[in-house]
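Just so it is clear: in the sequence shown, position 16 is 9 by my numbering, and no numbers are missing.
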Amino acid sequence: MSKIVDEPEAYFSQFALKEDQLLQELQMEAVAEHIPIVGPVVGELLFVLSRAVDAGAILELGTATGYSAIFLARACAMNEGMLTTLELDPQLAARARKNLERAGLAKQANVICGDAFAHLTRMAGPFDVIFMDIEKADYARALPECHRLLRPRGLLVADNIAFPEADSFSQAIFSDSGWRPVSLFAFLPGHSPERDGLCLALRC
Ligand SMILES: C[S@@+](CC[C@H](N)C(=O)[O-])C[C@H]1O[C@@H](n2cnc3c(N)ncnc32)[C@H](O)[C@@H]1O
-6 MSKIVDEPEA
4 YFSQFALKED
14 QLLQELQMEA
24 VAEHIPIVGP
34 VVGELLFVLS
44 RAVDAGAILE
54 LGTATGYSAI
64 FLARACAMNE
74 GMLTTLELDP
84 QLAARARKNL
94 ERAGLAKQAN
104 VICGDAFAHL
114 TRMAGPFDVI
124 FMDIEKADYA
134 RALPECHRLL
144 RPRGLLVADN
154 IAFPEADSFS
164 QAIFSDSGWR
174 PVSLFAFLPG
184 HSPERDGLCL
194 ALRC
């Protein structure tokens, strides 16, 4: 029987996307300031998935400095659509606005500062894609609003599900017939942390 490559982490690192200067700068800032961001592989995955479902309306929960938002807003821009992204911390929200502007995406992204839970209940969908990247312990609580806001066959992507705090989310989504979820555990170069889980779920 054939074996997988020797040193798969080194092997797959060579295929991590070569980021542009702004994304590299945000990645270095994130490392220096201990801001957990998705990194180039998950960033590109978000772009590819959003394009694959032809997304025009995307919602992100947890913006930080706008690294993942740049990938999502770039996908929206190709459909003349709009990313809405929610961030609790006013300083991070201001940095994200500036970074999206530097990326030429100010018109494709609306950074809303505040608690996602206060805003979600007041929002109207439908969204084609929702990316969940807030406190892992809060994912399960956000799930009903994500279901309400996604269009049928819309896509939910949840980051960091290898953490025990996300277990309530995994248990809830895998026992709810309103979702068709799949969980992956992977080596993700440049992601924080590099070995982590992602959940992709179709809204039924
Ligand atoms: C993991 S970071 C987001 C990283 C970002 N998605 C990226 O990859 O570039 C999580 C962010 O969610 C924010 N956050 C946590 N709880 C939140 C809430 N209830 N509402 C809005 N933002 C929240 C934090 O302030 C933090 O900036």
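Think of the CB as a built atom: it goes at the ideal place given N, C-alpha and C, for glycine as much as any other residue. Model, not experiment: these values are computed from the prediction.
Proximity of residue i and residue j at Cβ, strictly below 8 angstroms
i: Arg90; j: Val104; result: yes
i: Leu38; j: Glu53; result: no
i: Gly59; j: Gly183; result: no
i: Gly190; j: Ile166; result: no
i: Leu85; j: Ala117; result: no
i: Phe180; j: Phe64; result: no
i: Cys139; j: Leu149; result: yes
i: Arg146; j: Arg196; result: yes
i: Ala135; j: Leu113; result: yes
i: Ala99; j: Leu79; result: no
i: Tyr132; j: Ala151; result: yes
i: Asn92; j: Leu15; result: yes
i: Ser61; j: Gly97; result: no
CB-CB length for residue i against residue j, believed under 8 angstroms
i: Ala50; j: Asp121; result: 5 angstroms
i: Ala68; j: Ala48; result: 6 angstroms
i: Ala9; j: Val34; result: 5 angstroms
i: Glu158; j: Ala130; result: 4 angstroms
Coarse secondary structure for residue i, derived from DSSP in three states
i: Asp160; result: helix
i: Val122; result: strand
i: Ser176; result: strand
i: Ala70; result: helix
i: Ile(-3); result: coil
i: Pro182; result: coil
i: Gly171; result: coil
i: Ile75; result: Looking at the sequence provided, one finds Met at residue 75 rather than Ile. DSSP places Met75 in strand when its eight states are reduced to three.
i: Ile63; result: helix
i: Ala117; result: coil
i: Val150; result: strand
i: Glu37; result: helix
Boundaries (first-last residue) of the alpha helix (DSSP H) holding residue i
i: Ala28; result: The amino acid occupying residue 28 in the given sequence is Ile; Ala does not appear at that position. Note, Ile28: premise wrong, no alpha helix (DSSP H); not H, not E.
i: Leu113; result: Ala109 to Leu113
i: Glu94; result: Pro83 to Arg95
First through last residue of the beta strand (DSSP E) which encompasses residue i
i: Arg188; result: Arg188 to Arg196
i: Glu53; result: Ala50 to Leu54
i: Asn103; result: Ala102 to Cys106
i: Leu136; result: No beta strand (DSSP E) holds Leu136; the alpha helix (DSSP H) holding it covers Tyr132 to Leu142.
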